[in-house]
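J.: Here you go, one structure.
Residue numbers (our numbering): 6 to 223.
Structure representation (structure tokens):
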């Protein structure tokens with residue numbers, strides 16, 4: 006007898022062809038506690054990965070920019086010039102054999118590494134603040150993705166980065182960051198729905214920002 010093909014099961018109740026619910030449906034089925042846990046983990050992971058990537062790029066960039074410091078003498082304040090800002094360049098020591106040379110090399114490498122570490126820390130903090138506040142805003146707004154997540158997240162980032170200068174500086178930083186993000190989104194956003202994305206009942210993921218569809222493979 007000839008083999009017969011069984012018809013595929015139709016999508017029922019929003020499930021895709023494999024019978025599995027979409028990610029949006031799984032999220033909607035969670036209660037308040039479940040959504041809080043999922044949102045907290047998501048924001049934490051996004052913030053951590055953004056800090057690591059930003060710190061890595063900052064360390065590499067800071068290391069490259071401070072490479073000339075490895076090939077010149079160390080900057081030291083002259084005697085009696087404390088607090089005046091005066092600096093003199095101490096040439097590499099040529100006395101004492103290899104011991105002085107090694108101490109000089111270790112000092113330069115330590116100075117170079119310290120500057121690269123400081124740059125990486127600043128870049129990592131800025132990257133983590135942008136991504137973390139953006140993700141936190143989206144989670145608080147019910148996992149809704151639109152232009153306002155970036156604007157509100159940028160405002161929070163501006164306030165956070167200016168926290169050491171006082172409340173007035175925090176307000177000014179929030180307004181500056183939010184305005185800059187709003188202008189960027191207005192002139193370079195996609196139809197006012199920057200970052201929009203959704204999942205269809207059949208499991209297809211649609212990204213409205215970059216205009217592509219990610220269909221499941223069975």
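Ideal placement from N, C-alpha and C gives every residue a C-beta, glycine not left out. From a predicted model like this one, the values you see are computed outputs, not experimental measurements.
1. Distance check for residue 155 and residue 166, CA to CA, integer angstroms please.
2. Can you check the segment 149-187 for any alpha helix (DSSP H) of at least 4 residues that lies completely inside it and give the ranges in chain order?
3. Report the rounded CA-to-CA distance for residue 18 versus residue 40, giving the unit in angstroms.
4. Quick check on residue 194: does DSSP put it in helix, strand or coil?
5. Is residue 222 buried or exposed, if buried means 16 or more other CB atoms sit within 10 Å of its CB?
6. Just the Cα atoms here: how many angstroms apart are residue 30 and residue 53?
7. Residue 116 and residue 63 - do their beta-carbons sit closer together than 8 Å?
8. Using the Cα positions of residue 160 and residue 38, report the straight-line distance between them to the nearest angstrom.
9. For the alpha helix (DSSP H) that contains residue 40, what are its first and last residues?
10. Using alpha carbons as the reference points, say which of 151, 188, 158 lies closest to residue 136.
11. Determine the direct distance from the alpha carbon of residue 175 to that of residue 148, and round the result to whole angstroms.
12. Please state the DSSP three-state secondary structure of residue 137.
13. For residue 66, which residues from the same chain have a beta carbon less than 7 Å from its beta carbon, with the 5 sequence-adjacent residues on both sides left out?
14. State the DSSP-derived secondary structure class of residue 108, mapped to helix, strand or coil.
T.: According to the structure shown:
1. In the chain shown, the residue the question calls residue 166 occupies position 161. In the chain shown, the residue the question calls residue 155 occupies position 150. Using only the alpha carbons, I get a separation of about 16 Å.
2. 152-166
3. Position 13 of the chain shown, counted from the first residue, corresponds to residue 18. Position 35 of the chain shown, counted from the first residue, corresponds to residue 40. Confidence at residue 18 is low in this model, with a pLDDT of 44, below 50, so its placement is unreliable and the value that follows should be read with caution. Each residue's Cα considered, the two are about 22 Å apart.
4. The residue labelled residue 194 in the question sits at position 189 within the chain shown. If DSSP states are grouped into helix, strand and coil, residue 194 belongs with coil.
5. In the chain shown, counting from the first residue as 1, residue 222 sits at position 217. Unreliable placement is indicated for residue 222, whose pLDDT of 48 sits below 50; the coordinate value is still reported in the next sentence. Around the Cβ of residue 222, a 10 Å sphere holds fewer than 16 other Cβ atoms; the residue is exposed.
6. As a position in the chain shown, residue 30 is number 25, starting the count at 1. As a position in the chain shown, residue 53 is number 48, starting the count at 1. Straight-line Cα distance between these residues: approximately 27 Å.
7. Against the chain shown, residue 63 aligns to sequence position 58. Against the chain shown, residue 116 aligns to sequence position 111. Going by C-beta atoms, residue 63 is not nearer than 8 Å to residue 116.
8. As a working note, residue 160 is residue 155 in the chain shown. As a working note, residue 38 is residue 33 in the chain shown. C-alpha separation (whole angstroms): 28 Å.
9. As a first step, residue 40 is located in the chain shown; it is residue number 35 there, counting from the start. Here the alpha helix (DSSP H) through residue 40 covers 37-70.
10. Here residue 136 refers to the residue found at position 131 when the chain shown is read from its first residue. Sorting 151, 188, 158 by C-alpha distance to the C-alpha of residue 136 places 158 at the top.
11. What you label residue 148 is simply residue 143 of the chain shown in a count that begins at 1. What you label residue 175 is simply residue 170 of the chain shown in a count that begins at 1. So the two alpha carbons sit approximately 27 Å from each other.
12. Position 132 of the chain shown, counted from the first residue, corresponds to residue 137. The answer is helix: DSSP assigns residue 137 an H, G or I state.
13. As a first step, residue 66 is located in the chain shown; it is residue number 61 there, counting from the start. Contacts found: 124.
14. Along the chain shown, read from residue 1 onward, the residue named residue 108 stands at position 103. Helix.
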